[in-house]
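So the mapping is simple: the working numbering equals the position in the first sequence, first residue as 1, plus 8.
See structure below.
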Amino acid sequence: MTLRPRRAAERLANPLSENDVNDESRTELAKGYEHREVEARWYPTWKERGYFHADETDRSRPPFSIVLPPPNVTGSLHLGHALTATLQDVLCRWKRMSGFNVLWLPGTDHAGIATQMIVEKELQRSEKKSRHDLGRAEFLKRVWTWKEKYGSRIGEQHAALGASLDWARERFTLDEGLSRAVREVFVRLHEEGLVYREQKLINWCPDCRTALSDLEVTYEEGHAGELWSFAYPLSDGSGEVVVATTRPETMLGDTAIAVHPDDERYRGLIGKKVVHPLVDREIPIIADAILVDPAFGTGAVKVTPAHDFNDFAVGQRHGLELLTVIGLDGTMNAEAGPVAGLDRFAARKKVKELIAEKGLDRGSKPHALPLGRCQRSETILEPLLSQQWFVRIEPLARPAIEAVERGKTRFIPEQWTNTYMAWMTNIHDWCISRQLWWGHQIPAWYCSDGHITVARETPVRCTSCGKQELRQDEDVLDTWFSSALWPFSTMGWPEDTETLRTFYPTSVMETGHDIIFFWVARMMMMGLHFMGEVPFRDVYLHPMVRDEKGQKMSKTKGNVIDPLVITEQYGADALRFTLAALTAQGRDLKLAKERIEGYRAFANKLWNATRFALMNLSGFTVAEGGVRAAHAAPTTPADRWILARLQRAVNDTIDALEGYRFNDAAGAIYQFVWHELCDWYIELSKDALYGEDPARKQGTRTVLTHCLETSLRLLHPLMPFITEELWQTLQAQVGARWGDSIMVARYPEKGAVDEAAERSFGPVIGLVDALRNIRGEMNIPFKVPLREVQVGALAPEALATVREELSRVVRLANVAGLTVSARPTRKVPGSAVAVGSGFEVRVPLAGAVDMASEKARIAKELARIEGDLGGIERKLANPSFVERAPKDVVEKDRARAEELKEKRRRLEAHRDMLAEVEGTTMTETPNSNLTPTPNPDVATPPAPAMPPPATPPAASPPQPAGSPDATATVTPAATPETARKPAARRAPAKKPVAKAAPKPAAKAKAKAKPASKVKAKARGKAAVAKKSAPARKGGKAKAKGLVARARGALKKLSAGKSKKPVGKAARKRR
RNA sequence: GGGCGGAUAGCUCAGCGGUAGAGCAUCGCCCUUACAAGGCGAGGGUCGCAGGUUCGAAACCUGCUCCGCCCACCA
């Protein structure tokens, strides 16, 4: 007893690895998938062989290009980057295998402010120095050192994920080439009047000491502030005007009081003046209908043009003085009179005190307001007046809007189109200068007269006055300025390169939706302006990766996960597959450990499926022509079925990839490999593989190899490492020359699905499911063979198929004796019955069957049918439904109703028989053996009372051979299953039966209670059956919708289920 | 203030006009020689609320309630 857990534990503790030799020709696999060893091996191999490299001179294949959104060199990658890398690699590998000339271009971004801050912090910590202590040149040297360190780490992380990036083309935004592109763009825009320098109010971070663009401001919603009121006395002494503010310190910069022109309260005051209470100044009262909302506060507004965006505009309208009172460091300057020299927040307090002393305080109240903070430092920003460089954006935005309107570039998911448009149409000029050191220094030079010379290379003299002492602008450009050029600057622009001609515009821009404005929009503008063509055709915006609590991953929260930690633990393939499977459109992605574990299990499943194949392919060589070769062609319904399912999986996967539905692609492959190939086909194949029929064996081996090999190729973009490993091993085993690498093998192609093969195999699956269900519900362990099983009421084509696959049914359900017939089954007391579409099955269970349990089971099924039927009949009884609903829908329901009625009829008959039996025998001998035939394996205790059944199988009416009514019989000796397992057959049956007997009663009791619930559920279940494809296609009966939950499994396998997505996908594409 | 998502089984999410699905978790049986990172079976949902459109609504429309995100210069 204690042995069992130990055996499992041992396997877990030591899962690897009889073989960790790097040898492509080996044909044996370790027992479990060991990702570390495999991953370490393949990436360098691919890279060395040049598979990642794009050839810009190759025009024989259609181009496909993606530029990797350059990660910041500030640090290492997080899971958001892993998602980016995964999705792009999926696209690139898929396209590469599909015959495209693929360029996936890597690189990194210097990330001006972010990097500078980090290095500054580091410098402060380690050497207690500021950047000013080092000086510009020395400080920049330090940053470069930092960049070298983290730039390579980013490369390693991408390699660990399997990203097939063309490393030979790796770029950095501060490279010489890209810097040249930046200068070129700046100069040209300046020449065109689209770059200008001006004194304007901008968002200033007193902490970073730099200007920011609007986008770098994050607004804190509903900050709990205070609205404070105070009085300005009128200069003529006739009274006062009360104003309100959330920033009292700014009152020292007030240069007007504004009221609404139509406001009766203040009409008489317009044009008068008030006295500033803290400095010696008079301030005019003006009327401004735009600024003032008479309903807010007192209806009078203090105007501070140099420290507020609204007030700045008022100042422009009314020609007001711009009085700056706050300095770049956030302290009050000399203009601030009594609070000069104080920090802005200390000044706020002081101003209130001073006003209160003068008796002008008019109280305050809590007030929620949006508060702008610096995206990097989270410091509260200060609107300040300063000289900055700007890009005149409107002329650039217009073409970028048009391009999207005309469909030159499209957004996926579509909803982002609106977001993009809304921003583009309300865009403000872009402040591009930053008071930093790390970045592209602005190519503008000043002479002592203040003339500006803008040039590509350092000028010798001022273009205005010829002076030779020139000083370059110390500021650098916004990081996003160089990022905006990424799609063409990385391909060699401003030169007219072969690479640009081949790969621009790029095919897809794949990135997070958080940088749609920062980056995507700006690339559109710059690409159109300088290349005359959109930078990308499709923009796929992926969701944000969150932690399992749904929180955004951020360094400050400390919930950032390093992809390397995950790949180390679960494998890159598992992580990639998880990310893809979770990437549904339009929703953020919560990464839970359990999901990754689940997909690691999937990798292991695939590994073991291949391992199984290898074990059964010794001496086998794949035939020339594969599954289509005459001597290897599929011969059984199961073969044809799995090939049809494979083709459907291929179609579904490609459809999903084409629509950027990564989760559907992952789902299609997962479902096929695990639940069809492994759960069904491999199990089905065992009789042939273990048997002695050479033709059958050959066919099965061919089909199995084909399915596996195709699955591996299909899966490769998602799980590159394990697929390569298995593909190589399989190739070596079967002596084929599929190619040097799965990476450069051909991707599976879409094709017609053999729907007849899918359909005709249904009864076999249905039958096995029915038998398994009876086992499960009756609690009969698998090792106890089922005897005297009758399969009846088979439709002609189903009869043929079932007969053809009889040995497989026998094996999968462990049946030791079975008859197949077109006629209904014969009643046998003490049997369990299941009715499927197109067949019924009866399992005599001798004494093992518990009447109550079987009755409950049948009642449950009947309730379900009643529910289904009730709903459908109500619909069919509704004249307007019959009249107005599409014909096929009505037809489908009619057929379904008929089918349900037939099922109900059979089950009712069975139920009545159960009642009859119970009435006669159960009451007196509750434990008695009701077995029709002596059954040493199942019956316990031995039958004392009941006579043998009236008609044992052997005595069934003889049928002419080949007639649809013919009865096929399988005897225990004839089945490979039983032949191989004599021990199991002879095992004393006491244990399972004894175990089983008490169980059903309890179960039945438990189930008696929620009868209403069963009904409710049954009602719902009607839908399942209705969705079946055959009905939809004209009401052809199909073996499906068996007893109980067998349906669920069946449904997955039926053609109908997966037809739906295909249709939908087709619709979506239109 | 405007806009965009989301609310479906205990959890994470598909489905988006024909009447509810997956994975994980749960319960039962099974170490059956590809895989216990496994197999088989089962249980579990008035699809956020309220109206409307429709023969038919989880899906479409309207309103509402909660959650998340984005945009916005109300002192």
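Heads up, the beta-carbon is just placed ideally off N, CA and C, and yes, glycines get one too.
Check                                                                                                                                                                                        : Outcome
For a test of the three-state rule: what should DSSP assign to residue 876, helix, strand or coil?                                                                                           : helix
Pick from 574, 580 and 597: whose alpha carbon is nearest that of residue 552?                                                                                                               : 597
Opposite residue 271 in the DSSP bridges: which residues?                                                                                                                                    : None; residue 271 has no bridge partner.
So what does DSSP say about residue 1111, is it helix, strand or coil?                                                                                                                       : Residue 1111 is absent from the structure shown; the chain starts at 9 and stops at 1078.
To which residues of the same chain is residue 658 closer than 8 Å at the C-beta, ignoring the five residues directly before and after it?                                                   : 718, 722, 756, 757, 758 and 759
Can you give the beta carbon distance from residue 322 to residue 299, rounded, assuming they're within the 8 Å contact cut?                                                                 : 5 Å
Taking all protein chains shown into account, decide if residue 373 is buried (16 or more other Cβ within 10 angstroms of its Cβ) or exposed.                                                : exposed
Quickly, what does DSSP pair residue 517 with across the bridge? List them, please.                                                                                                          : 547
Quick check for students: name the residue ranges of the alpha helix (DSSP H) that lie wholly in the region 284 to 346, counting only runs of 4 or more.                                     : 317 to 326
Drop a sphere of 10 angstroms on the beta-carbon of residue 607, count the other beta-carbons inside from all chains shown, and report buried for 16 or more, exposed for fewer.             : buried
What does DSSP give as the partner residues of residue 277 in its beta bridges?                                                                                                              : Answer by DSSP bridge pairing: none, since residue 277 is not bridged.
Identify the residues that DSSP records as bridge partners of residue 112: which are they?                                                                                                   : 74
Out of 412, 288 and 277, which has the shortest C-alpha to C-alpha gap to residue 532?                                                                                                       : 412
Residue 364: buried (16+ other C-beta within 10 angstroms of its C-beta) or exposed?                                                                                                         : exposed
Give me the Cβ distance between residue 575 and residue 169, rounded to the nearest whole Å; I'm assuming they're in contact under 8 Å.                                                      : 7 Å
Would you list the residues sitting across from residue 607 in a DSSP beta bridge?                                                                                                           : In the DSSP output, where bridge partners are listed per residue, residue 607 has none listed.
Using only the alpha-carbon positions, how far apart do residue 499 and residue 213 sit?                                                                                                     : 35 Å
Give me the residue from 664, 679 and 639 with the minimum Cα distance to residue 673.                                                                                                       : 664
According to DSSP, simplified to helix, strand and coil, what is residue 106?                                                                                                                : coil
Using the beta-carbon count (16 or more within 10 Å), is residue 633 buried or exposed?                                                                                                      : exposed
Cα-Cα, which of 526, 781 and 540 is closest to residue 502?                                                                                                                                  : 540
If you check the beta carbons only, do residue 441 and residue 460 fall under 9 Å apart?                                                                                                     : no
Please work out which residues of its chain come closer than 8 Å, Cβ to Cβ, to residue 265, disregarding the five sequence neighbours upstream and downstream, and give them in chain order. : 240, 249, 251, 282, 291, 292, 293, 294, 308, 309, 310 and 311
I'd like to know whether the C-beta atoms of residue 467 and residue 544 end up nearer to each other than 9 Å.                                                                               : no
Measuring only the C-alpha atoms, how far is residue 842 from residue 800?                                                                                                                   : 10 Å
Assuming residue 714 is part of the alpha helix (DSSP H), what are its boundary residues?                                                                                                    : 702 to 723
With C-beta atoms as the reference, is residue 828 less than 9 Å away from residue 811?                                                                                                      : yes
In the region 398 to 460, which residue ranges form an unbroken beta strand (DSSP E) of at least 3 residues, counting only runs that do not cross its ends?                                  : 418 to 420 and 452 to 454
Only counting runs of 3 or more residues, tell me where the beta strand (DSSP E) segments fall wholly within the region 365 to 399, in order along the chain.                                : 369 to 382 and 390 to 399
Taking DSSP as the reference, what is the three-state secondary structure of residue 211?                                                                                                    : strand
Leaving out the 5 sequence neighbours to the left and right, which residues in its chain are closer than 8 Å to residue 707 when beta-carbon positions are compared?                         : 640, 641, 642, 643, 644, 647 and 696
Verify whether the separation of the beta carbon atoms of residue 625 and residue 37 is less than 9 Å.                                                                                       : no
Give me the DSSP bridge partner(s) of residue 233.                                                                                                                                           : 375
Given residue 218, which residues of its chain have a CB within under 8 Å of its CB, disregarding the five upstream and five downstream residues?                                            : 121, 212, 442, 443 and 444
Count the CB pairs spanning the region 82 to 99 and the region 170 to 182 that are closer than 8 Å, and state whether there are at least three.                                              : yes
In this structure, how does DSSP classify residue 569 when only helix, strand and coil are distinguished?                                                                                    : coil
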